[in-house]
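Chains as they are written, first to last, in the numbering used here: chain A, 1 to 274; chain B, 1 to 261.
See below:
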């Protein structure tokens, strides 16, 4: 039997990902506009907080502009689709037995999801660039951004690694469906925790010191929180190198974890309903 | 009216009995649903270690507001959310027929048939927390203050329900309209202290898109800061939306095609 070259498989998934993302562009853009509401809330709330503290107030090393920039850039990153999850779809496919469809084909299920996810992020960035650009331009007077080119490069690199970490984490969570019949409750429960750990709700420096030191060892911190630290100029070159190294470490660890969970899980798989 | 309330009571009893068949642990539900609430409190706890007041709101006043927001949303979720989320599907599949055939107000039936008790523990947590804040605030727990607080809690739930119901009714025209999510996000505005907003935005959010009436008004009523005129406006708005939603639902029903039946 003639085997299909890998690159053609990838090309096909990318094409599927593109048409998927384009088909749901309306919902995606509505989602972007909707996420401006909590952004506005955060900006207004924190402005009021800093007004109360008087000029020159700092909270956990953030002055007003740094704090506002923190929320602006986090939201921009999340709006571009970085916060999308593969876990819901994976869980669904495992539970309904639709996974069997993919097991029968000469493809790697996780790689397929990776193709789809990366494509949707690229399209997401393209679609979101205009609204994000408008918001950031409107806020340019408070926005703190890197001056040096190398910092932009480090930021881009760590965002890329952060995307991989967030993808691998969501695959791990999704694949637990092999063991648990009902995972949506678990996922709803951990979603806020994940959001906090990735720094989406507030800067992690706000938590007590011992907890902050602990969080720095967890992978979630490296999804969006660490890239933001680079962007806002809050970490120096040595710390950047260390952080990026930790990101690479987590990508490797999570790849191993996904491979292990996948191997164990497929052995248990019963193809219910499939 | 009394008939509706009696019916509502038996529907709730029916739902509680159904719920009892799948008894879940109260504590487990509490732990999985109260995260947002706890995180919000922790965030303000940290913030108030740096300042004394946000836009005129002291720490326990803000805490009280967060608790009120939690409970009001909890009551709304318990009574209505399951039903409102099902409505677009009922329109699409023609399942609405069964509700139309029954000799009760259809708007009531599609809005309140099923209760979802998952949000109850979280609602109770919010209420207990508010009690603690009231104690810390050394609030005068006079009868008028408590009565107006209760009145505006109910008013807030009702107002929020009418807004959500009207936006779900739009799905008679647009099947895939996801207005509820937008309103859901808008409530994040309504749960903040009203005074953080610039005056013009605060005006809009009080008198046009009444998000600040839902959670801020009961708290202000409790703290004795709600003016009579604002209070009356809040109640009037709910009344107006009650009438409007009924009329709008009637118009929308004319478009119902009872598809696929």
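The beta carbon of each residue, even a glycine, is placed where N, CA and C say it ideally should be.
Legend entry - Heavy atom of the ligand NAP within 7 Å of residue 13/B beta-carbon: Among the components modelled here there is no ligand, and therefore nothing to report on the ligand NAP.
Inset, instruction - Answer with yes or no whether the minimum CB distance from residue 1/A to chain B is below 8 Å. - result: Low local confidence applies: a pLDDT of 49 at residue 1/A is under 50, so the model's placement there is unreliable, with the coordinate-based value given in what follows. Not one chain B Cβ lies under 8 Å of residue 1/A.
Legend entry - Identity of the residues DSSP links to residue 57/B by a beta bridge: When beta bridges are read from the DSSP output, residue 57/B appears opposite 54/B.
Legend entry - Secondary structure of residue 254/B, DSSP reduced to three states: Reduced to three states, the DSSP call for residue 254/B is coil.
Legend entry - Per-residue burial, residue 258/B [other beta carbons within 10 Å of its own, 16 or more giving buried]: Classification of residue 258/B: exposed, given that the 10 Å Cβ count is below 16.
Inset, instruction - Answer yes or no: does any C-beta atom of chain A fall closer than 8 Å to that of residue 53/B? - result: Under the Cβ distance rule, residue 53/B counts among the residues neighbouring chain A, one pair being separated by less than 8 Å.
Legend entry - Range covered by the alpha helix (DSSP H) that runs through residue 133/B: Here the alpha helix (DSSP H) through residue 133/B covers 120 to 136.
Inset, instruction - Please confirm if residue 70/B has its CB atom under 8 Å from at least one CB of chain A. - result: It does not: the Cβ of residue 70/B has no partner Cβ on chain A nearer than 8 Å.
Legend entry - Proximity below 8 Å, CB of residue 222/A to CB of residue 130/A: For residue 222/A and residue 130/A, no; Cβs fall outside 8 Å.
Legend entry - Status (buried if at least 16 other CB within 10 Å, exposed otherwise) for residue 78/B: With 16 or more other CB atoms across the displayed protein chains lying within 10 angstroms of its CB, residue 78/B is buried.
Inset, instruction - Taking only the alpha-carbon atoms, compute the straight-line gap between residue 239/B and residue 99/A and give it to the nearest angstrom. - result: Rounded to whole angstroms, the gap between the alpha carbons of residue 239/B and residue 99/A is 51 Å.
Inset, instruction - Would you be able to state if there are at least three C-beta pairs under 8 Å between the stretch 89 to 104 of chain B and the stretch 36 to 43 of chain B? - result: As far as the Cβ criterion goes, the stretch 36 to 43 of chain B does not touch the stretch 89 to 104 of chain B, which means the pair count is below three.
Inset, instruction - Using only alpha-carbon positions, find the residue among 15/B, 161/B, 185/B that is nearest to residue 117/B. - result: Measuring from the Cα of residue 117/B, the nearest candidate turns out to be 15/B.
Legend entry - residue 260/A - DSSP class collapsed to helix/strand/coil: Helix at residue 260/A.
Inset, instruction - Kindly list, in the order they appear in chain B, the residues whose Cβ is closer than 8 Å to that of residue 52/A. - result: What residue 52/A touches in chain B: 51, 52, 53, 54, 55.
Legend entry - Through-space distance from residue 203/B to residue 42/A, alpha-carbon basis: If you take the alpha carbons of residue 42/A and residue 203/B, they lie about 19 Å apart.
Inset, instruction - Please list the partners that residue 181/B has in chain A, where partner means a Cβ-to-Cβ separation under 7 Å. - result: Per Cβ cutoff of 7 Å: 34.
Inset, instruction - Please confirm whether residue 265/A and residue 178/A have their CB atoms less than 8 Å apart. - result: For residue 265/A and residue 178/A, yes; Cβs fall inside 8 Å.
Inset, instruction - Could you please give the first and the last residue of the uninterrupted alpha helix (DSSP H) stretch that includes residue 36/A? - result: Residue 36/A -> alpha helix (DSSP H) spans 25 to 53.
Inset, instruction - Determine the extent of the alpha helix (DSSP H) in which residue 56/A is found, giving its start and end residues. - result: Counting along the chain, residue 56/A falls outside any alpha helix (DSSP H), and DSSP gives it neither H nor E.
Inset, instruction - Indicate whether at least one CB of chain B lies closer than 8 Å to the CB of residue 196/A. - result: For residue 196/A, the answer is yes, since a Cβ of chain B falls inside 8 Å of its Cβ.
Legend entry - Three-way DSSP call (helix, strand, coil) for residue 199/A in this model: It is coil, neither helix nor strand.
Inset, instruction - Flag this pair as yes or no: are the beta carbons of residue 52/A and residue 51/B separated by less than 8 Å? - result: A contact, by the Cβ cut-off of 8 Å.
Legend entry - Contact check, residue 205/B vs residue 37/A, beta carbons under 8 Å: Between residue 205/B and residue 37/A, the CB-CB gap reaches or exceeds 8 Å.
Inset, instruction - Note down, in chain order, each residue of its chain lying with its Cβ closer than 8 Å to the Cβ of residue 74/A, except the 5 sequence neighbours on either side. - result: 199, 200, 224, 228, listed in sequence order.
Legend entry - Under the three-state DSSP convention, the category residue 1/B falls into: Residue 1/B falls in the coil class under three-state DSSP.
Inset, instruction - State the Cα-Cα distance for the pair residue 287/B and residue 186/B, rounded to the nearest angstrom. - result: Residue 287/B lies beyond the residue range present for chain B, which begins at 1 and ends at 261; the question has no answer from this structure.
Legend entry - Proximity below 8 Å, CB of residue 21/A to CB of residue 120/A: Result yes, Cβ atoms of residue 21/A and residue 120/A sit closer than 8 Å.
Legend entry - For residue 63/B, the nearest candidate out of 152/B, 208/B, 131/B, 207/B (CA to CA): Measuring from the Cα of residue 63/B, the nearest candidate turns out to be 131/B.
Legend entry - Near-chain A residues of the stretch 186 to 211 of chain B (beta-carbon distance less than 7 Å), N- to C-terminal order: Listed by position along the chain: 186, 188, 189, 192, 196, 197.
Inset, instruction - Give me the Cβ distance between residue 212/A and residue 162/A, rounded to the nearest whole Å; I'm assuming they're in contact under 8 Å. - result: Contact between residue 212/A and residue 162/A is ruled out by a C-beta separation of about 18 Å, above the 8 Å threshold.
Inset, instruction - Taking only beta-carbon positions, decide if residue 255/A is within less than 8 Å of chain B. - result: No - not a single Cβ of chain B is within 8 Å of the one on residue 255/A.
Legend entry - Cβ neighbour criterion (16 or more within 10 Å) applied to residue 80/A: Result: buried.
Inset, instruction - Kindly indicate if chain A contains any beta-carbon less than 8 Å away from that of residue 36/B. - result: Closer than 8 Å to some Cβ of chain A, the Cβ of residue 36/B qualifies, so yes.
Inset, instruction - Give the residues of chain A in contact with residue 228/B, contact being defined as C-beta atoms less than 8 Å apart. - result: The contacting residues do not exist; residue 228/B stays about 27 Å from chain A at best.
Inset, instruction - Give the DSSP-derived three-state secondary structure of residue 208/B in the structure shown. - result: Taken through DSSP and simplified to helix, strand or coil, residue 208/B comes out as coil.
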